[in-house]
Each structure stands twice: as structure tokens, then as C-alpha cells.
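Using the working numbering, read the sequence shown as starting at 78 and increasing by one per residue.
Worksheet: the structure to be examined is printed underneath.
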Amino acid sequence: MWVLLGAGIAAIVVVVGLVWVRPILFDTDTNQSARSSTQLSTTPSTTTSSSAATSAAPRTTTSAPTSGTAVPANATRCGPVFSNNELPNSATGSNATSCEFAEEVRYQYVSQGKRNTTVSISAVSPVTNTRYSMSCTGKKVVTCTGGNNAIVYLY
């Protein structure tokens, strides 16, 4: 009986371990190359205002970049809450966007398979507990817009 219990616990540990390290083992891009390819924009951007429907606190506002290759310098960088080598970081680009929501958008985007085209995703804001539709496009920097004037950069 103790042998079966030990084997069951070992199996659970293996499954949890694989789920945890899967992105590290199976992502083809390296974290270093994704970070080194991102360039910061030094040009001023247009500001927008909106209600803070998906925000926990005020944020710096920006407009979406047109080139898709640079994160605006005044975008608010967010700390990652999960590992992904392809797009390891997110940033907010409007007052209507929280970092918690930006990370949820990043998770939903990298979880689907389409790249280098416009993709529609649905993400629930951890701040408002509301589901929002977002339209994402770009290559080196993916810009997602939607919800209540939310802007999210994935890079």
C-alpha cells in the first residue's frame, strides 16, 4: 500500500514539474534573443484619456506604435507573471490598462498558435473580473488594443 501511495505522489510531482517547466523546455526562441531584438522609441507619442475600467492605478498614456517594432518609451513596463521565451514581457499603453490585465493578454496571446497576422483574443481582467476582446497584431512587438481603450504591448 505504501508503495502505491509513493508511486502516486511521484507521478503527481512529475506531472506538476512538466507543466511548470514545459515553456522552458519546448519554446524554440531564446529569452536573450527576444530581449535583444526590442528597441525603444524615443519619439514623443500622443496621449489619450479614458475611464479606468481595466486599471488598478493611473498609468502613463501613449498611442500605439505604427511600425510594430518598438515599445514607446513612455509605456509602463510590467513584471512578468509567467515564463515565455517568445514574448517574455508586456507593457501598458493607456490609463485604461493595468499590468495585471497586460499579463493576462500576454498569456492568452502566447497560448494561441497564430503569429504575424491580426489575432482576436479574449482576456479577463484580474482587476475588474470582466472579459474583454482584444485585437493583436505585430511581429517583434505585438500591439493589442480593445476593451475599454486598453493598449497592451507584448515583446
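For each residue, glycine too, the CB sits at the ideal point set by N, CA and C.
Using DSSP with H/G/I as helix, E/B as strand and the rest coil, what is residue 118? Translated into positions along the sequence shown, residue 118 becomes position 41. Confidence is the limiting factor: at residue 118 the pLDDT is only 32, short of 50, which leaves the residue's position unreliable, though a coordinate-based value still follows. Per DSSP, reduced to three states, the secondary structure at residue 118 is strand.
If we ignore side chains and look at the alpha-carbon of each, how far apart do residue 209 and residue 89 end up? Along the sequence shown, one-based indexing puts residue 209 at 132. Along the sequence shown, one-based indexing puts residue 89 at 12. Between residue 209 and residue 89, the C-alpha separation is close to 34 Å.
Less than 8 Å between the CB atoms is what I'm expecting for residue 202 and residue 181, so what's the real figure, rounded? Here residue 202 is taken as the residue at index 125 of the sequence shown, counted from 1. Here residue 181 is taken as the residue at index 104 of the sequence shown, counted from 1. Yes, residue 202 and residue 181 are in contact; Cβ-Cβ is about 7 Å, under 8 Å.
Are residue 146 and residue 217 closer than 9 Å when you measure CB to CB? Taking the sequence shown and counting its residues from 1, the one referred to as residue 146 is at position 69. Taking the sequence shown and counting its residues from 1, the one referred to as residue 217 is at position 140. Yes; because the gap between Cβ atoms is below 9 Å, this pair is in contact.
Please classify residue 139: does DSSP put it in a helix, a strand, or coil? Locating residue 139 in the sequence shown gives position 62, where the first residue counts as 1. Any reading at residue 139 needs caution, since the residue's pLDDT is 42, under 50, leaving its predicted position unreliable; the model's value is listed next. Residue 139 falls in the coil class under three-state DSSP.
Using the Cα positions of residue 229 and residue 220, report the straight-line distance between them to the nearest angstrom. Position 152 of the sequence shown holds residue 229. Position 143 of the sequence shown holds residue 220. Residue 229 and residue 220: Cα-Cα distance of roughly 6 Å.
Spatial neighbours of residue 189 within its chain, please: C-beta separation below 7 Å, excluding the five flanking residues on both sides. Walking along the sequence shown from the start, residue 189 turns up at place 112. Taking residue 189 as the centre and dropping the five residues before and after it, the same chain places the C-beta of 196 and 198 closer than 7 Å to its C-beta, in chain order.
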